[in-house]
Structures are given as structure tokens and as C-alpha cells.
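One structure is given here, and the rest of the page talks about it.
Numbering (my numbering), first residue to last: 1 to 515.
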């Protein structure tokens with residue numbers, strides 16, 4: 001629960017916002033991380049020392065539901081001559097370390113990131129006659145912050161967020177988000193580390209799909225080129241009724257399709273509702289490393305497996321580098337990297353109390369056949385995995401959001417994979433890798449995802465064809481659907497051996513958006 005008040009209003013935990021010239025005595029009492037970010041805000045808005053703030057009544061570190069202590073809201077006059085309209089500028093406080101006393105984030109030194117290393121911003125076009133900023137963006141930012149705190153997955157420029165709902169709960173076509181560097185806010189060096197500012201950019205469904213198929217940075221650049229779709233500062237207009245491809249139809253073919261063909265996709269993986277089963281032997285087999293247990297508790301991803309999967313996802317943004325699955329480094333422990341606090345839970349690590357099998361005791365198993373399960377949205381990304389990643393010699397990872405399991409598709413050009421041409425299906429504990437032999441000129445090279453993603457029967461069959469570049473299996477009747485679940489079509493759930501001898505695909509219940 002939050003309340004709206006000027007940042008200068010008195011309160012037990014929200015003193016007035018001092019600028020860089022605040023009296024030393026007051027500055028010494030003011031939380032240093034908060035003071036540093038306010039200094040950057042005062043540099044940008046010297047005439048607005050006490051902006052309106054949405055304030056968490058019960059702070060997160062006192063058991064409240066809202067991770068962000070404050071969201072400040074400034075009025076930005078823009079620059080009409082540069083096609084930058086007047087807008088509201090929202091800035092969060094809480095993803096970085098504001099206090100330095102471990103109440104939320106542990107201090108890890110001044111050279112690394114402060115807390116999660118970033119704060120969120122959002123620019124919303126000001127409507128004519130609007131005298132006060134709408135407060136719904138603050139709740140949107142709280143929702144993203146909850147995801148970060150609960151999953152400990154951080155954001156970076158070019159990321160996308162599939163929201164599946166109008167951002168302001170209206171009838172708007174702006175239903176998803178991309179993230180980019182804020183065009184005005186500069187990185188801040190605080191006593192507890194560095195803070196950068198990532199701006200939320202509202203986009204339409206078609207623009208989100210283009211970002212997934214190609215890359216987020218490319219779509220952001222297109223949005224900057226179209227003033228009514230964002231312009232130079234990527235200002236979100238909730239009343240925008242056309243996509244950039246409807247405004248300029250040439251963008252799809254001349255920029256996006258050509259970019260996919262030449263660059264592929266830099267989306268290296270997603271968190272999804274997915275699972276896999278080893279059809280080579282019953283899962284209750286005690287020698288199956290996927291189902292290894294200590295006592296009655298199931299094993300989960302080891303720290304080193306977790307580190308390698310995380311690094312795999314991060315490397316996906318380096319689209320010009322040679323594709324490599326990062327080697328497991330024995331010098332690192334518990335899946336931690338140099339830019340994260342030793343006590344920070346890894347983003348792919350379970351928060352349950354299940355036991356961890358030492359990495360060295362988990363052997364890599366070669367599998368004869370596997371059963372892959374994806375929710376509808378994740379299944380619709382398989383053509384992207386094939387056409388945008390594997391055909392360009394890269395890799396793509398699905399990491400389960402409902403359990404400690406991961407599925408990585410790798411091409412023959414990826415180094416460091418334990419799936420090989422001789423053994424294309426291999427598992428290291430719950431991490432499955434599949435090496436696929438798609439080549440330029442095969443089905444996946446010319447495939448385009450269906451315009452209606454819920455028509456999934458053909459998708460499953462053609463994906464099966466693409467993985468082995470097989471001839472098309474016989475036509476099957478489209479499955480019946482009920483509440484997002486595919487039902488009643490054994491032909492799709494269990495493909496015949498002649499169609500695909502060693503992999504089976506199923507779609508499972510759709511994931512709800514973050515709330």
C-alpha cells in the first residue's frame with residue numbers, strides 16, 4: 001500500500017529530498033544512497049526540489065509488500081523543436097542500496113553495483129490539461145521491482161517484459177515493455193556502489209514480437225525514429241493506436257526481416273513454464289541423475305550449473321562474439337560472479353530448502369529420447385530459437401519458473417556444450433542440452449511464426465520437423481483447447497517414430513503475467 005505526498009512532506013522515514021548543496025549536518029543524517037540519487041534528480045530538475053512522490057507506507061524492510069521505498073514524479077517540458085513532447089518522468093528508489101546498513105541489500109564495496117545496480121524510470125506523455133501525474137506507473141514499477149526481488153533476475157538495456165495487459169489497465173494497445181538506458185539520467189557513484197537508470201518503454205504486441213525475433217535494441221532504435229511512437233527519448237503514449245509497422249509498413253521488411261536474416265536474434269533465453277522427461281528409462285530409476293535425491297528431498301541445480309546457465313543467457317547479447325557456453329570455473333563458488341554479493345541468491349537458484357548435490361557427483365548422461373513440454377508462449381518462441389539463434393550458430397535456453405530445470409538448444413558451432421553430434425541429447429542433473437542440426441536452407445530458415453500463436457498444432461509438428469530437418473509428418477487435426485491448455489490430441493502429444501524418433505513436444509498451461 002502506498003500514499004501520495006510531496007517529497008518534502010514530513011514523515012517518519014521520508015525526510016525532504018536534499019540536493020547536492022544540502023547542509024552537511026542534514027546530509028549526514030540522510031541515507032547516503034538516497035542522497036546520491038536525489039543529487040542526480042536535482043541536477044536534472046533544479047526547479048523541482050520537492051516533487052510528488054508515491055511512498056510505501058510500510059517499507060519492504062519492515063514487512064511491507066512494495067520493494068520500492070519511493071517513486072518520484074517530475075514534470076519534464078521536453079523539447080518541441082526536437083519532437084520531444086512534455087511528459088511526466090518517474091524515478092524509482094529501492095532497487096539500489098539506499099541505506100548501506102544491510103536492511104535490504106548487503107554492502108559489497110564501492111566498485112561494484114549498489115544493490116541490484118539500477119533504478120527504474122518511466123516517461124509518460126502528458127495529456128492536455130493534466131495538472132498532476134497519474135500514479136499508475138508507480139504500481140507498474142513496483143510490479144517489476146517485485147519480480148526482481150523475488151527472482152533476483154536483473155534487467156539490462158534491450159530486455160523485454162511480456163505483460164499481456166494494458167499498462168494502465170485501460171483498452172490501450174500498449175501492453176508490453178522494453179528497457180533501455182534513460183536518455184538524461186547519468187550513472188551515479190554512491191557510497192555503496194554504482195547505480196544506473198533503466199527506462200521502461202511501453203510497446204505494442206507486434207513490437208514485442210519483433211524485439212523477440214530480432215533484438216530489443218533494434219526495435220528501440222526504430223521507435224526513436226518515429227516521433228509518435230516514442231521519439232528520441234522514447235516517451236510512452238498510452239493513446240497510441242498504431243504500431244511502428246502500421247505507421248511505416250516498410251520497417252518490417254526493410255529493417256526487421258533483414259535484421260533477422262543477417263543478425264539473427266540476441267534473445268539467448270527466457271524464463272518459462274517448461275519441463276522435460278527422459279523417455280530412455282523410467283524417471284524413478286535411482287541412477288537417473290535428473291531424479292537424484294538426498295533423503296526424501298529432490299536435488300536442484302548446483303551452483304556451478306546455475307552459474308553456467310546464467311552466463312549462457314548473458315552471452316546471448318554479445319551477438320557478434322563467437323558462441324560459447326562458458327566453462328564451469330572451479331574458482332567460483334555457489335554460482336556467484338564478481339559483480340554479485342556473496343550472499344545474493346543466484347537468479348536461477350531455488351529458494352526452497354531442498355538439498356544440493358555437489359557438482360562433482362553429478363555425471364553427464366547421454367539420453368536416447370526426451371519429452372519436452374512448453375507453455376503456449378514459450379512454444380511460440382521455438383521458431384525464434386531455430387531461425388534466429390541456431391541457424392546463426394548460437395544457443396537458446398528455457399529456464400523453468402516453476403522448478404529447477406533448464407533446457408538449452410545448441411548448434412554444432414557452440415563450444416563448451418556437453419551435448420555433442422555423437423550424443424545430441426545430454427543431461428547434467430536437471431539441465432538438458434539438445435544439439436540440433438539446422439542448416440541454412442532448411443525449413444527453419446524460411447519459417448515465419450504464425451500470426452495467431454494459439455493455433456499451436458501445426459507449430460508443434462513443424463518444430464519437430466525443423467529439429468531434424470525431416471519431411472513433414474502427415475496432417476493432424478488441430479487440438480481442442482480449454483482455458484489455454486491443449487487437450488485431446490494424442491497425435492500431437494506423441495509424434496510417431498517416423499516423424500521424430502527421439503523428441504516429443506507438448507504444450508502445457510499458459511503462464512499468467514506478473515501481477
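Yeah, the Cβ is synthetic: ideal placement off N, Cα and C, and Gly gets one too.
* Asked: Buried or exposed: which applies to residue 270, given that a residue is buried once 16 or more other Cβ atoms fall within 10 Å of its Cβ?
  -> Sequence index remark: in the chain shown, residue 270 carries index 270 (1-based). Residue 270 comes out buried.
* **Of the residues 35, 235, 179 and 402, the one placed nearest residue 89, counting alpha carbons only** => Indexing the chain shown from 1 puts residue 89 at position 89. Cα-wise, what sits closest to residue 89 is 235.
* Going by DSSP, which residues form a beta bridge with residue 145? -> Mapped onto the chain shown, residue 145 falls at position 145. The partner list for residue 145 (beta bridge, DSSP) is empty, contrary to what the question assumes.
* With DSSP as the reference, label residue 417 as helix, strand or coil. => Residue numbering aside, residue 417 sits at position 417 when the chain shown is read from its first letter. It is coil, neither helix nor strand.
* To do: Can you tell me which of the three DSSP states residue 275 falls into?
  => Here the question's residue 275 lines up with position 275 in the chain shown. Of the three classes helix, strand and coil, the one that applies to residue 275 here is strand, per DSSP.
* Residue environment, residue 132, which counts as buried when at least 16 other CB atoms sit within 10 Å -> As a first step, residue 132 must be located in the chain shown, where it is residue number 132. Looking at its Cβ environment, which holds fewer than 16 other Cβ atoms inside 10 Å, residue 132 is exposed.
* What residues match up with residue 3 in a beta bridge as DSSP calls it? -> On the chain shown, residue 3 is found 3 positions in, with the first residue counted as 1. DSSP lists 55 as partners of residue 3.
* In or out: residue 199 buried (at least 16 other Cβ within 10 Å) or exposed? -> Looking up residue 199 in the chain shown gives position 199. Residue 199 is buried by the Cβ-count criterion.
* To do: Alpha carbon to alpha carbon, how far is residue 99 from residue 37? Give it in angstroms, no decimals.
  => Counting from 1 along the chain shown, the entry for residue 37 is found at position 37. Counting from 1 along the chain shown, the entry for residue 99 is found at position 99. If you take the alpha carbons of residue 37 and residue 99, they lie about 12 angstroms apart.
* Asked: Looking only at C-alpha atoms, which of 433, 196 and 212 sits nearest to residue 112?
  -> As a working mapping, residue 112 is identified with position 112 in the chain shown. It is 196.
* beta strand (DSSP E) segment containing residue 422, residue limits -> Reading the chain shown from its first residue, position 422 is the one you call residue 422. Looking at the DSSP string, residue 422 is not in any beta strand (DSSP E), and its letter there is neither H nor E.
* Asked: Three-state secondary structure (DSSP) at residue 491?
  -> On the chain shown, residue 491 is found 491 positions in, with the first residue counted as 1. Any reading at residue 491 must be qualified, since the residue scores a pLDDT of 27, below 50, and its modelled position is unreliable; the value itself is stated next. The answer is helix: DSSP assigns residue 491 an H, G or I state.
* Asked: What does residue 113 pair with, by DSSP beta-bridge criteria?
  -> Within the chain shown, residue 113 is the residue found at index 113, counting from 1. Beta-bridge pairing links residue 113 to 194.
* To do: For residue 105, name the three-state secondary structure that DSSP assigns.
  => The sequence position of residue 105 within the chain shown is 105, counting from 1. Residue 105: coil per DSSP, three-state reduction.
* Asked: Is the beta carbon of residue 87 sitting closer than 8 angstroms to the one on residue 124?
  -> Taking the first residue of the chain shown as 1, we reach residue 87 at position 87. Taking the first residue of the chain shown as 1, we reach residue 124 at position 124. Cβ distance < 8 angstroms, so residue 87 and residue 124 count as in contact.
* How long is the line joining the alpha carbons of residue 230 and residue 151, rounded to whole angstroms? -> As a first step, residue 230 must be located in the chain shown, where it is residue number 230. As a first step, residue 151 must be located in the chain shown, where it is residue number 151. Computed Cα separation, rounded: 30 angstroms.
* To do: Could you please give me the residues that DSSP links to residue 406 through a beta bridge?
  => As a working note, residue 406 is residue 406 in the chain shown. Per DSSP, 399 and 431.
* On a CA-only basis, which of 409, 379 and 378 is nearest residue 392? Give me that one, please. => Along the chain shown, one-based indexing puts residue 392 at 392. Nearest option by C-alpha distance: 409.
* Terminal residues of the alpha helix (DSSP H) in which residue 38 lies -> Counting from 1 along the chain shown, the entry for residue 38 is found at position 38. Unbroken alpha helix (DSSP H) run through residue 38: 32-44.
* Asked: Expressed to the nearest angstrom, what Euclidean distance is found between the alpha-carbon atoms of residue 4 and residue 71?
  -> For the purposes of this step, residue 4 is taken as the residue at position 4 of the chain shown. For the purposes of this step, residue 71 is taken as the residue at position 71 of the chain shown. Each residue's alpha carbon lies about 10 angstroms from the other.
* **residue 373 versus residue 182 - alpha carbon distance** => Locating residue 373 in the chain shown gives position 373, counting from the first residue. Locating residue 182 in the chain shown gives position 182, counting from the first residue. Residue 373 and residue 182: Cα-Cα distance of roughly 38 angstroms.
* Sub-8 angstroms separation of residue 213 and residue 260 beta-carbons -> Here residue 213 corresponds to residue number 213 of the chain shown, with the count starting at 1. Here residue 260 corresponds to residue number 260 of the chain shown, with the count starting at 1. Contact: yes.
* Within this structure, are the beta carbons of residue 81 and residue 194 separated by less than 8 angstroms? -> Position 81 of the chain shown, counting from 1, holds the residue named residue 81. Position 194 of the chain shown, counting from 1, holds the residue named residue 194. Not closer than 8 angstroms, so no.
* Asked: According to the neighbour-count rule (16 or more other Cβ atoms, all chains shown, within 10 Å of its Cβ), is residue 244 buried or exposed?
  -> As a first step, residue 244 must be located in the chain shown, where it is residue number 244. Under this definition residue 244 is a buried residue.
* Asked: When the distance is taken between beta carbons, is residue 206 closer than 8 angstroms to residue 219?
  -> Residue numbering aside, residue 219 sits at position 219 when the chain shown is read from its first letter. Residue numbering aside, residue 206 sits at position 206 when the chain shown is read from its first letter. It is not a contact, given that the beta carbons lie outside the stated cut-off.
* **DSSP three-state assignment for residue 235, whether helix, strand or coil** => Residue numbering aside, residue 235 sits at position 235 when the chain shown is read from its first letter. Here residue 235 sits in coil by DSSP.
* List the residues that DSSP assigns as beta-bridge partners of residue 366. => On the chain shown, residue 366 is found 366 positions in, with the first residue counted as 1. In DSSP, residue 366 forms a bridge with 426.
* Do residue 251 and residue 222 come within 8 angstroms of each other at the CB atom, strictly closer than that value? -> The count along the chain shown starts at 1 and reaches residue 222 at position 222. The count along the chain shown starts at 1 and reaches residue 251 at position 251. In this structure, residue 251 lies closer than 8 angstroms to residue 222 by Cβ.
* Chain-order list of residues whose beta-carbon lies under 7 angstroms from that of residue 137 (same chain, five-residue window excluded) -> Position 137 of the chain shown, counted from the first residue, corresponds to residue 137. Excluding sequence neighbours, residue 137 sits near 90, 122 and 124.
* Asked: Terminal residues of the continuous beta strand (DSSP E) containing residue 154?
  -> Walking along the chain shown from the start, residue 154 turns up at place 154. That residue, residue 154, is in no beta strand (DSSP E); it is neither H nor E in DSSP.
* To do: Would you identify the three-state DSSP class for residue 263, choosing helix, strand or coil?
  => Here residue 263 corresponds to residue number 263 of the chain shown, with the count starting at 1. If DSSP states are grouped into helix, strand and coil, residue 263 belongs with the helices.
* Asked: Given a threshold of 16 other Cβ atoms within 10 Å of its Cβ, counted over all protein chains shown, does residue 381 qualify as buried or as exposed?
  -> The residue labelled residue 381 in the question sits at position 381 within the chain shown. Under this definition residue 381 is a buried residue.
* Collapsed DSSP secondary structure at residue 248 in the structure displayed -> For this step, residue 248 is matched to residue 248 along the chain shown. In this structure, residue 248 counts as coil in the three-state DSSP scheme.
* Going along the chain, which residues of its own chain have a beta-carbon closer than 8 angstroms to the beta-carbon of residue 385, five neighbours each way excluded? -> What you label residue 385 is simply residue 385 of the chain shown in a count that begins at 1. For residue 385, where only same-chain residues beyond five positions count, the Cβ hits under 8 angstroms are 396 and 409.
* To do: Using three-state DSSP, classify residue 61 as helix, strand or coil.
  => On the chain shown, position 61 is the one that residue 61 refers to. Residue 61 falls in the helix class under three-state DSSP.
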